[in-house]
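Everything below concerns the one structure shown next.
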Amino acid sequence: MSFKDESRVEQTMAGKIDESPALKRVTRKILFRLAPFVAMLYFFSMLDRAAIAYAAPNGMNTDLGLTATQFGLASSLFFLGYIPFSIPISLALRRFGARRGLAMILVAWGAVQALTALTFDATSLNVLRVLLGVTEAAFVPLVLAYLTAWLPSKPRARAFSIFFIAASLATVIGGPLLVFILQWGQSLHADMAGWRFMFLFSGVVPMAIGIIVPFYLKDHPDRASWLSAVERETLSRAVNNELAAVDAGSRRATDAFRSGRAWALTAGYMAPMFAVYILTFFLPTMISSFSPNATPLEVSLLASIPFIFAIIGILTLGRSISRFGHPGLHMLIALTIGAAGALLAFANTGPLVNMIGLSIAALGCLSVPPAAFSIPTRIFAGGAAVAVISMMTSISSIGGLLGPVVTGFFADLTGSALNVFAVVAALLVLCGVIFYTVDRRSERELDRAAETREPAVLEGH
């Protein structure tokens, strides 16, 4: 089935997409103003989540008397607050509007991050990690809903790409930045541990940005003074036309919860998230273990290399899918490559091979969101599609909850955190097979629909 055939089916189901020059101009204007700003917010979100990874080998574990398992537990407890509170907090904050809701989130998570500077034992650290998860739980859903209200589907996808790349950029830029803040804090306050200053500083910054958010963002394009009346009308017509077309052919959100394929995609997405958070929380510690003579700054620079590979992977995979389609096949290939890298890291034959393995694993795991979230939008429509995406983003975080704990267990049991990558490799291949199988089945159904020139009625609901 050609890409043109798939596009014809999608237009039959969702209506004709407006791609007029006037709309392109206004969406470029919105992308330039909004996408970098929300990406910056996500950058600080990921920075605050990952700060604990740089605090651990720089005095925190020693000062608090943490074992590798206790550190892994503290890292994972973020998700104990994040997973159950994501949906209820998102719904509660909607009444305030996105800009006020985002401002409240930034101030709240910044305050919790700053309070982490005062932690005194494993228990207090665990409590604050849970609270950080609670305060950040609604951030991504609110941002995605906000961008959806401002942009039609095509430019919205570009905005989502910019937004999600910020996660890898936070590691590439954020690692050296966090170490710099840590060392700067040590030079400023001899009586305050550098890791404590790092938590304080990385909490105050989002609090300050949270105060700015209500003045910079507007809840809806109709309230944007930086858009002309004609631009607002052009944008409103395009967004409303798409919403009307999707709603006309959509299924209810409850259908998603009864779909076996929805749960298969959700379960499958746990595997790359399992690997991603192992890399996020344990990468500096792993590098320190096989390069014991490296300075903290050198460790942070080395830790950024796998995430540079990840950025390249995200851009390459997204472009390839937009050209050739078949996101399930792309997912299988990317995760198989990631599994090969995980096995190289597991082999633990030397610092160079270890770094190559970790970089390939990061490339495979972190590049898959464009493919992963293309699949449910091909299978489901309307509220069902939104429901499946929400399931994938929230429930898959269980992988993030388990990843650091399992890694800490392997480190304490075997003496090397790298041994966890044997498990990672197996899970990645299994995940790739799940996504490929589900996507291939939907492609066959779309083929049949294209031959009859009728909208696809997908089976299994």
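Note that the numbering used here has the sequence shown beginning at 4, numbered continuously upward. Think of the CB as a built atom: it goes at the ideal place given N, C-alpha and C, for glycine as much as any other residue.
query: Output the boundary residues of the alpha helix (DSSP H) element that contains N129.; result: A125 to E139
query: Find the nearest neighbour of A241 within the set I165, L405 and P158, judged by alpha-carbon distance.; result: P158
query: So, using beta-carbon positions, are G406 and Y272 closer together than 8 Å?; result: no
query: For W153 versus L135, is the C-beta spacing smaller than 8 Å?; result: no
query: Would you give the residue range spanned by the alpha helix (DSSP H) that H333 belongs to?; result: P330 to A350
query: Straight-line CA distance for L416 to W187?; result: 36 Å
query: Taking Cβ to Cβ, would you say S399 is nearer than 8 Å to M276?; result: yes
query: What is the DSSP secondary structure of L145, reduced to helix, strand or coil?; result: helix
query: By how many angstroms is the C-alpha of F284 removed from the C-alpha of A428?; result: 18 Å
query: In three-state terms, what does DSSP make of M394?; result: helix
query: For D466, count neighbouring Cβ atoms within 10 angstroms of its own Cβ and tell me buried if that reaches 16, exposed if not.; result: This structure leaves residue 466 out entirely; the chain is present only between 4 and 464.
query: Among F167, R31, F88 and S89, which has the Cα closest to the Cα of F47?; result: F167
query: Quick one: does the C-beta of M395 sit closer than 7 Å to a heavy atom of the ligand GTP?; result: Among the components modelled here there is no ligand, and therefore nothing to report on the ligand GTP.
query: Please report the residue range of the alpha helix (DSSP H) in which S205 lies.; result: G197 to Y219
query: Over what stretch of residues does the alpha helix (DSSP H) that includes D51 continue unbroken?; result: P24 to A58
query: Between which two residues does the alpha helix (DSSP H) harbouring S362 extend?; result: P354 to L369
query: Taking the alpha-carbon positions, what's the D250 to N243 distance?; result: Since pLDDT at D250 reaches only 38, below the 50 mark, its modelled position is unreliable, and the value read off the structure follows with that caveat. So the two alpha carbons sit approximately 10 Å from each other.
query: Span of the alpha helix (DSSP H) holding V115?; result: A101 to L118
query: If you check the beta carbons only, do A117 and F183 fall under 8 Å apart?; result: no
query: What separation, rounded to the nearest whole angstrom, lies between the Cα atoms of S323 and L67?; result: 47 Å
query: Here's a check: name, in chain order, each residue in its chain whose Cβ is nearer than 8 Å to the Cβ of L304, leaving out the five neighbours to either side.; result: G178 and P179
query: Rounded to a whole number of angstroms, what is the C-alpha to C-alpha distance between I401 and H329?; result: 27 Å
query: Could you say which of L220, P209 and S292 lies nearest to L50 if we only look at CA atoms?; result: P209
query: Specify the secondary structure class of F383 as computed by DSSP and reduced to three states.; result: coil
query: With distances taken Cα to Cα, identify the nearest neighbour of R536 among I437, V233, A350 and L332.; result: Lying before the first or after the last residue shown, residue 536 is absent from the chain, which here runs from 4 to 464.
query: Once the 5 residues before and after A71 are set aside, which same chain residues still bring their CB inside 7 Å of it?; result: G411, A414 and D415
query: Compare the Cα-Cα distances from I55 to each of L150, M43, Q73 and P39 and report the closest residue.; result: Q73
query: What's the gap between the Cα of S190 and the Cα of A173?; result: 24 Å
query: Which value, in whole angstroms, describes the spacing of the CA atoms of V371 and D194?; result: 44 Å
query: Which of the three DSSP states, helix, strand or coil, is assigned to Y439?; result: helix
query: Should P24 go down as buried or exposed, given a rule of 16 or more other Cβ atoms within 10 Å for buried?; result: exposed
query: Counting C-beta neighbours from all protein chains within 10 Å, is the total for F376 16 or more, i.e. buried, or is it exposed?; result: buried
query: Which residue's Cα is closest to the Cα of F40: V426, G367, L320 and F218?; result: F218
query: Using the rule of at least 16 other Cβ atoms within 10 Å of the residue's Cβ for burial, across every protein chain shown, is A468 buried or exposed?; result: With the chain represented from 4 up to 464, any question about residue 468 goes unanswered, as that position is not in the structure.
query: Since L369 contacts S79 with CB under 8 Å, what's their CB separation in whole angstroms?; result: Not really, about 19 Å apart at Cβ, beyond 8 Å.
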